[in-house]
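**Q** Numbered by this note's numbering, the letters in the sequence shown go through residues 262 to 584 in order. Before anything else, here's the structure in question.
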Amino acid sequence: MLGWNHLRTARLNPLSQEAVLTADVVHIAATVSGRIVDMEVTENAAVRKGDVLFRIDPVPYQLAVNQAAGDLAIARAALSDRHREIEAETRNAEIATAQVERAEENLAYATETLSRLMPLRPKGYVSAQEVDTAATARRDAEISLREAQRQAEAAAALIGDPAGAEALVQAREAALSIAEHELDETVVRAPHDGRIVGLAVAAGEFVLPGEAVFTLIDTSTWYASANFVETELGRVKVGSCATVHALADGSVAIRGRVEGAGWGVTSEQMINIPSGLPLVPRSLDWVRVAQRFPVRIRLLDPPPSLMRMGASATATVHDETDC
Numbered sequence: 262m263l264g265w266n267h268l269r270t271a272r273l274n275p276l277s278q279e280a281v282l283t284a285d286v287v288h289i290a291a292t293v294s295g296r297i298v299d300m301e302v303t304e305n306a307a308v309r310k311g312d313v314l315f316r317i318d319p320v321p322y323q324l325a326v327n328q329a330a331g332d333l334a335i336a337r338a339a340l341s342d343r344h345r346e347i348e349a350e351t352r353n354a355e356i357a358t359a360q361v362e363r364a365e366e367n368l369a370y371a372t373e374t375l376s377r378l379m380p381l382r383p384k385g386y387v388s389a390q391e392v393d394t395a396a397t398a399r400r401d402a403e404i405s406l407r408e409a410q411r412q413a414e415a416a417a418a419l420i421g422d423p424a425g426a427e428a429l430v431q432a433r434e435a436a437l438s439i440a441e442h443e444l445d446e447t448v449v450r451a452p453h454d455g456r457i458v459g460l461a462v463a464a465g466e467f468v469l470p471g472e473a474v475f476t477l478i479d480t481s482t483w484y485a486s487a488n489f490v491e492t493e494l495g496r497v498k499v500g501s502c503a504t505v506h507a508l509a510d511g512s513v514a515i516r517g518r519v520e521g522a523g524w525g526v527t528s529e530q531m532i533n534i535p536s537g538l539p540l541v542p543r544s545l546d547w548v549r550v551a552q553r554f555p556v557r558i559r560l561l562d563p564p565p566s567l568m569r570m571g572a573s574a575t576a577t578v579h580d581e582t583d584c
């Protein structure tokens with residue numbers, strides 16, 4: 262009876278002797294290239310979010326900011342000059358328009374004068390010279406109007422558009438923002454709380470963008486990755502409680518909760534053939550070994566002294582969800 266209870270408990274609470282402690286990691290790298298001038302951390306050091314990890318030589322990037330700021334000042338000055346030019350061109354166009362209006366008034370007056378004198382000539386009230394003078398004045402007014410209209414059209418066409426100068430200012434503002442951002446990126450800070458591992462460089466090292474300098478372990482959340490045979494996965498439910506024991510101190514039971522089980526693992530028999538045809542081994546294994554799949558268990562309030570990346574552990578999944 263005792264053996265049956267033990268067997269039943271074991272079936273309801275699958276055990277994995279093959280588990281490791283793990284956490285999320287970030288490979289710390291700079292987004293700009295340059296020589297490290299200050300390394301603010303050491304191997305295994307604990308850091309807080311926002312702490313300075315290392316600094317890259319800021320001089321080239323400060324010079325780039327200065328140059329971008331100068332280019333922006335030049336572009337803004339050019340835009341200001343362009344606005345003044347457009348204002349002057351607009352005033353010239355307004356003057357030309359006013360000249361057209363005066364020419365139209367002169368033509369109307371000359372036309373009216375000629376119309377008034379023409380009926381008086383047959384009656385002898387005005388001389389032929391007076392009529393000719395009025396006709397000449399009307400022709401001159403027509404010519405003056407056409408000339409004023411051409412000048413007004415030319416003046417209107419000369420009014421410029423500030424779009425080009427404004428676009429240049431926007432481009433220079435963007436260039437300055439990029440330069441300032443790159444200058445800020447010369448100071449690399451911790452994205453979260455954690456511990457430094459894999460630090461093997463010092464001040465003076467030249468780094469490239471995206472080149473990992475060391476790894477930062479996120480110590481805020483820890484997991485156990487436990488391998489369970491596929492025949493037990495049916496009893497491993499998401500949300501189930503779990504108990505993890507680190508081999509460093511097996512007397513400490515660490516509570517946890519199952520977050521999920523792996524949906525795929527590779528196999529020694531899975532060989533990728535370029536032709537795409539499946540490769541079937543000629544040999545036949547008479548003993549079928551159950552495949553193991555990793556189960557991710559989130560640890561609840563784990564003791565910091567036992568939390569080491571890659572540490573060995575055992576994990577038991579319970580048939581309950583009240584952890």
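The beta-carbon is built from N, C-alpha and C at its ideal position, and this holds for glycine as well.
Entirely within the segment 283-354 and at least 3 residues each: give me those beta strand (DSSP E) ranges in chain order.
**A** Listed in chain order, they are 286-290, 295-300, 313-317.
**Q** If you count every other CB in all the chains shown that lies within 10 Å of the CB of S277, and 16 or more means buried, which is it?
**A** Translated into the one-based positions of the sequence shown, residue 277 becomes position 16. With 16 or more Cβ atoms within 10 Å of its Cβ, S277 is classed as buried.
**Q** Suppose contacts are defined by Cβ-Cβ distances below 8 angstroms. Is A389 in contact with L378 by that definition?
**A** Along the sequence shown, read from residue 1 onward, the residue named residue 389 stands at position 128. Along the sequence shown, read from residue 1 onward, the residue named residue 378 stands at position 117. No, these two residues do not count as a Cβ contact at 8 angstroms.
**Q** Any contact between the segment 291-299 and the segment 486-501? By contact I mean 3 or more CB pairs, one from each, below 8 angstroms.
**A** Not touching, per the Cβ criterion.
**Q** Ordered along the chain, which non-local residues of its own chain (more than five positions away) have a Cβ less than 6 angstroms from that of M433?
**A** If you number the sequence shown from 1, residue 433 lands on position 172. According to the sequence displayed, residue 433 carries Arg and not Met. So the list reads D332, L333, A336, once near-sequence residues are dropped.
**Q** When you compare each of P383, E441, R569 to T480 by their alpha carbons, which one comes out closest?
**A** Residue mapping note: residue 480 aligns to position 219 of the sequence shown, counting from 1. A check of alpha carbon separations from T480 across P383, E441, R569 identifies R569 as the nearest.
**Q** Please return the same chain residues whose Cβ sits closer than 6 angstroms to the Cβ of E279, not counting the five positions on each side in sequence.
**A** The sequence position of residue 279 within the sequence shown is 18, counting from 1. So the qualifying residues of the chain are N488.
**Q** V573: which of D583, V281, P275 sits nearest, CA to CA?
**A** Within the sequence shown, residue 573 is the residue found at index 312, counting from 1. Checking the sequence, you will find Ser at residue 573 rather than Val. When only C-alpha atoms are compared, the closest one is V281.
**Q** Using three-state DSSP, classify G500 as helix, strand or coil.
**A** Here residue 500 refers to the residue found at position 239 of the sequence shown. In the three-state reduction of the DSSP assignment, G500 falls in the coil class.
**Q** Using CA coordinates, which residue listed in G511, D445, L477 is at the minimum distance from T283?
**A** Residue mapping note: residue 283 aligns to position 22 of the sequence shown, counting from 1. Ranking G511, D445, L477 by Cα distance to T283 puts L477 first.
**Q** The alpha helix (DSSP H) that contains S486, what's its start and end?
**A** Numbered from 1 along the sequence shown, position 225 holds the residue referred to as residue 486. Run containing S486: none in the alpha helix (DSSP H); it sits in the beta strand (DSSP E), 484-490.
**Q** How would you label E581, buried or exposed, when you count the other beta carbons within 10 angstroms and need 16 or more for buried?
**A** Residue mapping note: residue 581 aligns to position 320 of the sequence shown, counting from 1. So E581 counts as exposed.
**Q** Can you have a look at V361 and say buried or exposed, based on whether 16 or more other CB atoms are within 10 angstroms of its CB?
**A** Here residue 361 is taken as the residue at index 100 of the sequence shown, counted from 1. V361 comes out buried.
**Q** Compare the Cα-Cα distances from R345 to each of F315, D422, T374 and report the closest residue.
**A** What you label residue 345 is simply residue 84 of the sequence shown in a count that begins at 1. Taking only the C-alpha atoms, the option nearest R345 is D422.
**Q** Is S573 helix, strand or coil when you go by DSSP?
**A** Within the sequence shown, numbered from 1, the residue matching residue 573 stands at position 312. Note: S573 maps to strand in three-state DSSP.
**Q** Between E427, A307, E466, I558, which has its C-alpha nearest A249's C-alpha?
**A** Since the displayed the chain opens at 262 and closes at 584, residue 249 lies outside it and no answer follows.
**Q** Rounded to whole angstroms, what is the Cα-Cα separation between L460 and L429?
**A** The residue you call residue 460 lines up with position 199 of the sequence shown. The residue you call residue 429 lines up with position 168 of the sequence shown. One C-alpha to the other measures close to 44 angstroms.
**Q** Given that a residue counts as buried once 16 or more other Cβ atoms are within 10 Å of its Cβ, and exposed if not, what is W524?
**A** Numbered from its first residue, the sequence shown carries residue 524 at position 263. So W524 ends up on the exposed side.
**Q** Would you decide whether F475 is buried or exposed? Buried here means 16 or more other CB atoms lie within 10 Å of its CB.
**A** Position 214 of the sequence shown holds residue 475. Buried.
**Q** Please report the residue range of the alpha helix (DSSP H) in which R407 lies.
**A** For this step, residue 407 is matched to residue 146 along the sequence shown. Looking at the DSSP string, the run of the alpha helix (DSSP H) that includes R407 is 389-418.
**Q** With DSSP collapsed to three states, give me the class of A522.
**A** Walking along the sequence shown from the start, residue 522 turns up at place 261. Note: A522 maps to strand in three-state DSSP.
**Q** H267 by DSSP, collapsed to three states: which one?
**A** Along the sequence shown, read from residue 1 onward, the residue named residue 267 stands at position 6. Low local confidence applies: a pLDDT of 44 at H267 is under 50, so the model's placement there is unreliable, with the coordinate-based value given in what follows. Residue state, collapsed to three classes: helix.
**Q** Would the beta-carbon of P563 fall within 8 angstroms of that of I515?
**A** Mapped onto the sequence shown, residue 563 falls at position 302. Mapped onto the sequence shown, residue 515 falls at position 254. The answer is yes: Cβ separation under 8 angstroms.
**Q** Using three-state DSSP, classify T447 as helix, strand or coil.
**A** For the purposes of this step, residue 447 is taken as the residue at position 186 of the sequence shown. DSSP places T447 in coil when its eight states are reduced to three.
**Q** Between the alpha carbons of V458 and V468, how many angstroms are there, rounded?
**A** Position 197 of the sequence shown holds residue 458. Position 207 of the sequence shown holds residue 468. Distance between the alpha carbons of V458 and V468: 18 angstroms.
**Q** Could you check whether the Cβ of A395 sits closer than 8 angstroms to any Cβ belonging to chain B?
**A** Considering every chain present, this structure includes no chain B. It has just one protein chain.
**Q** Suppose you measure from the CA of D312 to the CA of L567; what does that come to, to the nearest Å?
**A** As a position in the sequence shown, residue 312 is number 51, starting the count at 1. As a position in the sequence shown, residue 567 is number 306, starting the count at 1. So the alpha carbons of these two residues sit roughly 24 angstroms apart.
**Q** Can you name the residues that DSSP bridges to H506?
**A** Residue 506 sits at position 245 when you count from the first residue of the sequence shown. Partner(s): T575.
**Q** Please go through the same chain and pick out, in chain order, the residues whose beta-carbon is closer than 7 angstroms to the beta-carbon of L561, but skip the five residues on each side of it.
**A** The sequence position of residue 561 within the sequence shown is 300, counting from 1. So the qualifying residues of the chain are R516, G517, R518, C584.
**Q** Could you tell me if L375 is buried or exposed, where buried requires 16 or more neighbouring beta carbons within 10 angstroms of its beta carbon?
**A** Within the sequence shown, numbered from 1, the residue matching residue 375 stands at position 114. When all chains shown are included, L375 counts as buried.
**Q** DSSP puts T476 in a beta bridge; with which residues?
**A** Position 215 of the sequence shown holds residue 476. For T476, which the question treats as bridged, DSSP gives the partners H288, V458.
**Q** For a test of the three-state rule: what should DSSP assign to Q360, helix, strand or coil?
**A** As a position in the sequence shown, residue 360 is number 99, starting the count at 1. In the structure shown, Q360 sits in a helix (DSSP, three-state: H, G or I).
**Q** I want to know whether the segment 401-418 touches the segment 363-375 - three or more CB-CB distances under 8 angstroms.
**A** The segment 401-418 is in contact with the segment 363-375.
**Q** Using only alpha-carbon positions, find the residue among E520, L444, A509, E491 that is nearest to G500.
**A** Numbered from 1 along the sequence shown, position 239 holds the residue referred to as residue 500. With distances taken between Cα atoms, G500 lies closest to E520.
**Q** When you compare the segment 432-448 with the segment 315-324, are there three or more beta-carbon pairs, one atom per stretch, that lie closer than 8 angstroms?
**A** The segment 432-448, when compared against the segment 315-324, does touch it at the 8 angstroms Cβ threshold.
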